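Undergrad: Submitted below is the structure of interest, expressed as structure tokens.
2 protein chains.
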Amino acid sequence: MMNIGKAASASGVSAKMIRYYESIGLITPAQRSDAGYRHYSADDIHVLRFIRRARDLGFSVHDIAGLLTLWRDQGRASADVKRIATAHITALQRKIDELQGMVATLQTLAEHCHGDQRPDCPILADLDAADGACGCSDGMSVGPRS
Amino acid sequence: MMNIGKAASASGVSAKMIRYYESIGLITPAQRSDAGYRHYSADDIHVLRFIRRARDLGFSVHDIAGLLTLWRDQGRASADVKRIATAHITALQRKIDELQGMVATLQTLAEHCHGDQRPDCPILADLDAADGACGCSDGMSVGPRS
DNA sequence: CGTTGACCTTCCCACCATGTCAAAGTCTAC
DNA sequence: GTAGACTTTGACATGGTGGGAAGGTCAACG
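So the protein sequences, as listed, match chains A and B.
Using this note's numbering, you'd call the opening residue of the first sequence number 1 and step up by one each time.
Using this note's numbering, you'd call the opening residue of the second sequence number 1001 and step up by one each time.
Here it is, written out as structure tokens:
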């Protein structure tokens, strides 16, 4: 039985987050000492490590709640787990695509930017125009009309 | 001169966000009518569209503040703009790499998961183990020690 | 026994960018 | 003059995390 600090270092989940997970019902309330200190067993640490690993894989707390339920259910169907995982993969992939789109646009713009002391800049010109994927204009006299 | 609703639809920035950007000092406070309604000029819309476009490219509000300053400064050096953009590209790329790592791990795990009625599941087994990139165990008897 | 320092408790605040809702005031068109 | 669409401010929520304050507890050392 260890205090929250030990549990935190043993599980890789900060004490702050352990309390948070308890408050939102992701984990069952820890046992308390007479003084009110939380105590954690080896099994509790096991659960916390599970959560930590799932978080590292980008699962939301909501997803983790589902995974924990399945984890605890020895009679679960692996299809249920796989469904959560593949849905998560899809969501991650969508996010990746979105970010890659941004990178592609920015790289194109940056390539055309001299990056010197001169003021003309296609990056600002594009933000300025805002109507095309890549407004590769000459980049002159860009700025607010003021 | 238009009201905030018109400004919102004309710029693609919601009325809520326009007020927010004003409250955090990203944009200068709008002119007000006698009744206190905010009024926006074509130039104001121009600025809002600039912000919208930059947000679409994933720039933080903090970055946008810098970009706006440069945008307004006709004597800026394009190198300053490029620096912000390339730093942002790097950050995006790091995020993409991170997400791709998650996807790769999850895909490996999902591939090995039968996805049927049986309870053994390598995905849970991996979360359980938590000590390797891919604990491709047999996936049996996974769950809390309880 | 007393003190010190490391720990724990709860509670509040902040982030970031956005949405929702409510109460109240204003404008416009009929 | 009234209805309906707008505006204003304000509060609260999201998600997951960090920080800090104010106060209680524990263990070690003298």
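For glycine and all other residues, C-beta sits at the position ideal for the given N, C-alpha and C.
As the structure is a prediction and not an experimental result, all values here were calculated from the model.
Quick check on histidine 1062 (chain B): buried or exposed, where buried means 16 or more other Cβ atoms within 10 Å of its Cβ?
TA: exposed
Undergrad: Do alanine 1054 (chain B) and tyrosine 1040 (chain B) have their beta-carbon atoms positioned less than 7 Å apart in this structure?
TA: no
Undergrad: Does alanine 7 (chain A) pass the burial test, meaning 16 or more other C-beta atoms within 10 Å, or should it be called exposed?
TA: buried
Undergrad: Measure from the C-beta of proline 1119 (chain B) to each C-beta in chain A and report whether the shortest distance is under 7 Å.
TA: yes
Undergrad: According to a CB-to-CB cut-off of less than 8 Å, which residues of the segment 58-78 of chain A neighbour chain B?
TA: From the segment 58-78 of chain A, only Gly58, Leu67, Leu70, Trp71, Arg72, Asp73, Gln74, Gly75, Arg76, Ala77, Ser78 have a Cβ closer than 8 Å to chain B.
Undergrad: Using a beta-carbon distance below 7 Å, is methionine 102 (chain A) in contact with chain B?
TA: yes
Undergrad: Closest by CA to proline 1122 (chain B), which one among B:Leu1109, B:Ala1079, B:Ala1104?
TA: B:Leu1109
Undergrad: Using the Cβ count rule (16 or more neighbours within 10 Å means buried), how would you classify isoleucine 24 (chain A)?
TA: exposed
Undergrad: Is it true that the segment 89-107 of chain A meets the segment 1096-1105 of chain B, where meeting means three or more beta-carbon pairs spaced less than 8 Å apart?
TA: yes
Undergrad: Can you pull the DSSP bridge partners for histidine 1112 (chain B)?
TA: Paired residues: none, contrary to the question.
Undergrad: At the 7 Å Cβ level, is aspartate 1116 (chain B) part of the contact set with chain A, yes or no?
TA: yes
Undergrad: Are there 16 or more other CB atoms within 10 angstroms of the CB of glycine 1115 (chain B), so buried, or fewer, so exposed?
TA: buried
Undergrad: Determine the closest residue to isoleucine 199 (chain A) out of B:Ile1045, B:Thr1028, B:Val1103, with distance taken between C-alpha atoms.
TA: Examination of residue 199 (chain A) is not possible in this model, given that chain A is present from 1 through 146 alone.
Undergrad: Judging by CA-CA distance, which residue of A:Gly66, A:Leu127, A:Lys82, A:Gly58 is the nearest neighbour of glutamine 1100 (chain B)?
TA: When A:Gly66, A:Leu127, A:Lys82, A:Gly58 are compared, the shortest CA-CA separation from glutamine 1100 (chain B) is found for A:Gly58.
Undergrad: For serine 11 (chain A), is the classification buried or exposed, using 16 other Cβ atoms within 10 angstroms of its Cβ as the cut-off for buried?
TA: buried
Undergrad: With isoleucine 1064 (chain B) and isoleucine 1045 (chain B) assumed to form a contact (beta carbons below 8 Å), what rounded beta-carbon distance in angstroms separates them?
TA: With a Cβ gap of about 16 Å, isoleucine 1064 (chain B) and isoleucine 1045 (chain B) do not count as contacting.
Undergrad: Please check if any C-beta of chain A sits within less than 7 Å of the C-beta of cysteine 1136 (chain B).
TA: Residue placement at cysteine 1136 (chain B) is flagged as unreliable, the pLDDT there being 40, under the threshold of 50; the coordinate-derived value follows with that caveat. Cysteine 1136 (chain B) does not count as touching chain A.
Undergrad: Between leucine 1106 (chain B) and chain A, is the shortest Cβ-Cβ distance under 7 Å, so that the two count as touching?
TA: yes
Undergrad: Rounded to whole angstroms, what's the CA-CA distance from threonine 28 (chain A) to methionine 1017 (chain B)? Just pull it up for me.
TA: 39 Å
Undergrad: Using beta-carbon positions only, say whether valine 81 (chain A) and leucine 1124 (chain B) come within less than 7 Å of one another.
TA: yes
Undergrad: Starting from the C-beta of tryptophan 71 (chain A), find all residues in its chain whose C-beta is less than 8 Å away, skip the five residues before and the five after it, and write them out in chain order.
TA: Counting only Cβ-Cβ distances below 8 Å, and skipping sequence neighbours, we find Phe50.
Undergrad: For tyrosine 37 (chain A), name the three-state secondary structure that DSSP assigns.
TA: Residue state, collapsed to three classes: coil.
Undergrad: Take arginine 76 (chain A) and list the residues in its own chain whose beta-carbon comes closer than 7 Å to its own, dropping the five residues that flank it on each side.
TA: Leu70
Undergrad: Does the CB of aspartate 1097 (chain B) have a neighbour CB from chain A at under 7 Å?
TA: False, the Cβ-Cβ gap to chain A never drops below 7 Å.
Undergrad: Alpha carbon to alpha carbon, how far is aspartate 1073 (chain B) from serine 14 (chain A)?
TA: 45 Å
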